[in-house]
Amino acid sequence: MTESGRIILVTGGARSGKSALAERLVARYSRPWTYIATAEPRDDEMRERIHAHQYRRGDSWSCIEEPTDLCRALRGSDGKGVRLVDCLTLWLANCQGAADIRELVTTLRQQSCPVVLVTNELGQGIVPDNAMARAFRDQHGWMNQAVAEIAHEVWMAVSGQPLRLKPMRENIDEEI
Amino acid sequence: MTESGRIILVTGGARSGKSALAERLVARYSRPWTYIATAEPRDDEMRERIHAHQYRRGDSWSCIEEPTDLCRALRGSDGKGVRLVDCLTLWLANCQGAADIRELVTTLRQQSCPVVLVTNELGQGIVPDNAMARAFRDQHGWMNQAVAEIAHEVWMAVSGQPLRLKPMRENIDEEI
Amino acid sequence: MTESGRIILVTGGARSGKSALAERLVARYSRPWTYIATAEPRDDEMRERIHAHQYRRGDSWSCIEEPTDLCRALRGSDGKGVRLVDCLTLWLANCQGAADIRELVTTLRQQSCPVVLVTNELGQGIVPDNAMARAFRDQHGWMNQAVAEIAHEVWMAVSGQPLRLKPMRENIDEEI
């Protein structure tokens, strides 16, 4: 199964099985599979998480590490099969307020091969008491909405279980 | 399309597209549309958020500002079309522990025109380490349950995508 | 209606109606109903929560209190009808890092009577800034995934409304 430029967004909380779900969605497509890692292994905790993810994926993947210039990584890897971006949250954090979400959306729409993107649900806890965390949460929510809007599919992982959010099951313009 | 007293609850995390979804649900009904704002523009951050919401709504709405006496605002605006309450979370916070949730539920059941209410998901992060935040989170969760119980429809916004929670799709009383 | 060893997981945020949903799922089965409480009433706040739960359940239940050795409580209560474990989050916290999740999964698979388990969504807020909270959140997420994987049904409560996550409604291996 192949289709040009299909965009698939996978969201979910921490340790909800987002990456594993994203990999199942990638496995719909024939190889090669390219993993675009936005994580920078700055400390041991992060290094351990990255290794756990790599271990699960095994040798079927080629890997691009790109903490900030995600658009370049997408353009450079296009035309050679499906890509998995893991994850948008770290990309946004790495950009330190200078992320161009509009450019990301434009770049995604120009892809000729499919892209599966992992992001996080950050906004369902109590309001954070520092302004920087609130600002990041806001920008992150807008990013999620912007990517979900152009995505062909949106999924949420909850306790490892996939829930489809888009295409929707309901017609919201009619009373039920 | 009009129906007397229909109650619709929209929940979701921060920047999840709750207000935009609530406005789509209001747009099912013919005008006039009344916006009941519970926000108090106490600082620049809040003022900016309120303006962003007003900008999106444009001139099609009349607006009532009522930070605490929500029941009075509902009674006073009834009989003139659909109302959008944005949001219950700020109302509860503004009441500083003195919110009468039972009175809110009673008032909602007495409305002859539809009401769409926006609220937040606050309880899906790590347990807050101060008792006041926990107490607010508890009261807020009970408020959400009480309003959802009498609502005809409950929706959750996730990354801007609407998910219907009520009416349910499943019969929970039977094994699957 | 009875079936041997059925495992049902109920997740949700704080004050989302998880316990009430779990009790409705227990009520599918004929009595006796056994409640396995993992809470330890260490302070007044906790004592009050436990009493509120007991009050709602009334006299139809027998109760086992077991803060840490959940597997023993499951084995000891098997063969006498359905059990409700409330909740896995407190059990994990009570075990202080020494919880054996693999043993829990094995024990659950060996049950001949149904078990309904309550857990929490903890990972959908902003990333906690202390490493211990992050480590707990991670372990908790893995526990939820492990139990959900072997469960026959997984439900999420949102504002008191039940949402079914498993069995899934979608085939994720096909494009939509």
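Protein chains in written order, with my numbering: chain A, 4 to 179; chain B, 4 to 179; chain C, 4 to 179.
We put the CB at the ideal spot given by N, CA and C, even for glycine.
### Task
Specify the secondary structure class of Ser22 of chain A as computed by DSSP and reduced to three states.
Locating residue 22 of chain A in the first sequence gives position 19, counting from the first residue. Three-state DSSP puts Ser22 of chain A in a helix.
#### Entry: Three-state secondary structure (DSSP) of Gly16 of chain A
As a first step, residue 16 of chain A is located in the first sequence; it is residue number 13 there, counting from the start. Coil at Gly16 of chain A, not helix or strand.
### Query
Along the region 14 to 31 of chain B, what residues have a CB closer than 8 Å to any CB found in chain C?
Residues of the region 14 to 31 of chain B with a C-beta less than 8 Å from any C-beta of chain C: Thr14 and Gly16, listed in chain order.
### Query
Count the other CB atoms within 10 Å of the CB of Arg143 of chain B; is the residue buried (16 or more) or exposed (fewer)?
Indexing the second sequence from 1 puts residue 143 of chain B at position 140. Residue identity differs from the one stated: residue 143 of chain B is His in this sequence, not Arg. Counting Cβ neighbours within 10 Å, His143 of chain B comes out buried, since at least 16 surround it.
### Query
Taking the runs of the alpha helix (DSSP H) that are 4 residues or longer, which of them lie wholly in the region 87 to 169 of chain A?
Here the runs fully enclosed are 91 to 97, 104 to 112 and 134 to 153.
### Message
Please confirm whether Ala136 of chain B has its beta-carbon closer than 8 Å to some beta-carbon of chain C.
### Response
To locate residue 136 of chain B, count along the second sequence from 1; it is residue 133. No, its Cβ sits nowhere closer than 8 Å to a Cβ of chain C.
### Query
Under 8 Å between the Cβ atoms of Leu12 of chain B and Leu120 of chain B?
As a working mapping, residue 12 of chain B is identified with position 9 in the second sequence. As a working mapping, residue 120 of chain B is identified with position 117 in the second sequence. Yes, these two residues count as a Cβ contact at 8 Å.
### Task
Work out the CA separation of Ile104 of chain B and Gly61 of chain C for me, nearest whole Å.
Taking the first residue of the third sequence as position 1, residue 61 of chain C is located at position 58. Taking the first residue of the second sequence as position 1, residue 104 of chain B is located at position 101. For Gly61 of chain C and Ile104 of chain B, the distance between alpha carbons rounds to 25 Å.
### Query
Do you know offhand how far Pro131 of chain A's Cα is from Asp141 of chain B's?
Here residue 131 of chain A corresponds to residue number 128 of the first sequence, with the count starting at 1. Here residue 141 of chain B corresponds to residue number 138 of the second sequence, with the count starting at 1. Distance between the alpha carbons of Pro131 of chain A and Asp141 of chain B: 17 Å.
### Task
Measuring alpha carbon to alpha carbon, tell me which of C:Trp158, C:Asn97, C:Val150 and C:Ala30 ends up nearest Ser63 of chain C.
Taking the third sequence and counting its residues from 1, the one referred to as residue 63 of chain C is at position 60. The shortest C-alpha separation from Ser63 of chain C is found at C:Ala30.
### Query
Between the region 90 to 102 of chain B and the region 31 to 46 of chain B, are three or more C-beta pairs nearer than 8 Å?
yes
### Query
What residues in its chain sit with their C-beta under 6 Å from that of Asn97 of chain A, if we drop five residues either side in the sequence?
What you label residue 97 of chain A is simply residue 94 of the first sequence in a count that begins at 1. Cβ neighbours of Asn97 of chain A beyond the five flanking positions: Pro70 and Thr71.
### Task
Using a Cβ cut-off of 8 Å (strictly closer), state whether Ser63 of chain C contacts chain B.
As a first step, residue 63 of chain C must be located in the third sequence, where it is residue number 60. Answer no: the Cβ-Cβ gap between Ser63 of chain C and chain B never drops below 8 Å.
#### Entry: Exposure label - Pro165 of chain B; buried when at least 16 CB within 10 Å
Residue numbering aside, residue 165 of chain B sits at position 162 when the second sequence is read from its first letter. Classification of Pro165 of chain B: buried, given that the 10 Å Cβ count is 16 or more.
### Task
Within its chain, find whatever has a CB closer than 7 Å to the CB of Ile153 of chain B; leave out the 5 residues flanking it on each side and keep chain order.
Residue numbering aside, residue 153 of chain B sits at position 150 when the second sequence is read from its first letter. Beyond the five residues adjoining it in sequence on each side, Ile153 of chain B comes within less than 7 Å, by CB distance, of Ile10, Val108, Leu111 and Arg112 in the same chain, given in chain order.
### Query
Within 8 Å (strictly less), CB to CB, does Gly100 of chain B reach chain C?
One-based indexing of the second sequence puts residue 100 of chain B at position 97. Taking CB atoms only, Gly100 of chain B has no neighbour in chain C less than 8 Å away.
### Message
With distance defined between alpha-carbon atoms, name the residue in C:Pro170, C:Lys169, C:Glu178 and C:Gly163 nearest to Ala17 of chain C.
### Response
Locating residue 17 of chain C in the third sequence gives position 14, where the first residue counts as 1. The option with the nearest alpha carbon to Ala17 of chain C is C:Gly163.
### Query
In terms of residue numbering, what span does the alpha helix (DSSP H) encompassing Ser63 of chain C cover?
What you label residue 63 of chain C is simply residue 60 of the third sequence in a count that begins at 1. Ser63 of chain C -> no alpha helix (DSSP H), and no H or E assigned at all.
#### Entry: Residues of its chain near Asn123 of chain B, where Cβ-Cβ distance is below 6 Å and the 5 sequence neighbours each way are ignored
What you label residue 123 of chain B is simply residue 120 of the second sequence in a count that begins at 1. Excluding sequence neighbours, Asn123 of chain B sits near Thr92.
### Task
Measure the CB-CB distance between Asp128 of chain C and Gly128 of chain B and report whether it falls below 8 Å.
The residue given as residue 128 of chain C occupies position 125 in the third sequence. The residue given as residue 128 of chain B occupies position 125 in the second sequence. The sequence given here places Gly at residue 128 of chain C; Asp does not occur at that position. Yes, the pair counts as a contact, with Cβ atoms nearer than the cut-off.
### Task
Identify, in the order they occur along the chain, each residue of the same chain with its Cβ nearer than 6 Å to the Cβ of Val150 of chain C, setting aside the five sequence neighbours on each side.
Within the third sequence, the letter at position 147 stands for residue 150 of chain C. For Val150 of chain C, where only same-chain residues beyond five positions count, the Cβ hits under 6 Å are Leu12.
#### Entry: Top-ranked residue by Cα proximity to Gly82 of chain B, from B:Val157, B:Met171 and B:Trp36
On the second sequence, position 79 is the one that residue 82 of chain B refers to. The option with the nearest alpha carbon to Gly82 of chain B is B:Trp36.
### Task
Have a look at B:Pro117, B:Leu168, B:Gln148 and B:Leu77 and flag the residue whose alpha-carbon is nearest the alpha-carbon of Arg34 of chain B.
Position 31 of the second sequence holds residue 34 of chain B. Per the Cα distances, B:Pro117.
### Nearest residue (CA-CA) to Ile179 of chain C, options A:Gly15, A:Leu28, A:Gln148 and A:Leu95
On the third sequence, residue 179 of chain C is found 176 positions in, with the first residue counted as 1. Of A:Gly15, A:Leu28, A:Gln148 and A:Leu95, the residue nearest in Cα terms is A:Leu28.
### Query
For Val157 of chain A, which residues of its own chain have a beta-carbon under 6 Å away from its beta-carbon, when the five flanking residues on both sides are left out?
Reading the first sequence from its first residue, position 154 is the one you call residue 157 of chain A. Answer for Val157 of chain A: Leu12, Ala151, Leu168 and Lys169, listed in chain order.
### Task
Evaluate Met159 of chain C with the Cβ neighbour count: other Cβ atoms within 10 Å of its Cβ, from every protein chain shown; 16 or more gives buried, anything less gives exposed.
Walking along the third sequence from the start, residue 159 of chain C turns up at place 156. Met159 of chain C counts as buried, since no fewer than 16 other beta carbons sit within 10 angstroms of its beta carbon.
#### Entry: Collapsed DSSP secondary structure at Glu48 of chain B in the structure displayed
Here residue 48 of chain B refers to the residue found at position 45 when the second sequence is read from its first residue. The answer is helix: DSSP assigns Glu48 of chain B an H, G or I state.
### Alpha-carbon spacing of Cys74 of chain C relative to Ala134 of chain B, whole angstroms
Taking the third sequence and counting its residues from 1, one reaches residue 74 of chain C at position 71. Taking the second sequence and counting its residues from 1, one reaches residue 134 of chain B at position 131. Cα-Cα distance, rounded: 32 Å.
### Task
Please confirm if Leu129 of chain C has its CB atom under 8 Å from at least one CB of chain B.
Locating residue 129 of chain C in the third sequence gives position 126, where the first residue counts as 1. Rather than Leu, the amino acid found at residue 129 of chain C in this sequence is Ile. Closer than 8 Å to some Cβ of chain B, the Cβ of Ile129 of chain C qualifies, so yes.
### Task
Drop a sphere of 10 angstroms on the beta-carbon of Ala102 of chain A, count the other beta-carbons inside from all chains shown, and report buried for 16 or more, exposed for fewer.
Here residue 102 of chain A refers to the residue found at position 99 when the first sequence is read from its first residue. Per the 10 Å Cβ criterion, buried.
### Message
Quick check: what's the CA-CA separation for Tyr95 of chain C versus Tyr32 of chain C?
### Response
Here residue 95 of chain C refers to the residue found at position 92 of the third sequence. Here residue 32 of chain C refers to the residue found at position 29 of the third sequence. Reading off the sequence shown, one finds Leu at residue 95 of chain C, where the question assumed Tyr. Taking the straight line joining both Cα atoms gives about 27 Å.
### Through-space distance from Gln148 of chain B to Cys66 of chain B, alpha-carbon basis
Stepping through the second sequence from its first residue, residue 66 of chain B is reached at position 63. Stepping through the second sequence from its first residue, residue 148 of chain B is reached at position 145. Each residue's alpha carbon lies about 27 Å from the other.
### Query
Who are the Cβ neighbours of Ala76 of chain C in its own chain at under 6 Å, not counting the five residues just before and after it?
Position 73 of the third sequence, counting from 1, holds the residue named residue 76 of chain C. For Ala76 of chain C, same chain residues with a beta-carbon under 6 Å away, outside a window of 5 residues either side, are Ile39, Ile67 and Glu69 in chain order.
### Task
Can you give me, in chain order, the residues of the region 67 to 95 of chain C that have a beta carbon less than 8 Å from any beta carbon in chain A?
none
### Query
Helix, strand or coil: how does DSSP classify Ile53 of chain C here?
Within the third sequence, the letter at position 50 stands for residue 53 of chain C. Ile53 of chain C sits in a helix when the DSSP states are folded into three classes.
### Own chain, CB closer than 7 Å to Ala25 of chain B, minus 5 neighbours either side, in chain order
Here residue 25 of chain B refers to the residue found at position 22 when the second sequence is read from its first residue. Closer than 7 Å at Cβ, skipping near neighbours: Val13, Leu87, Asp89, Val119 and Val121.
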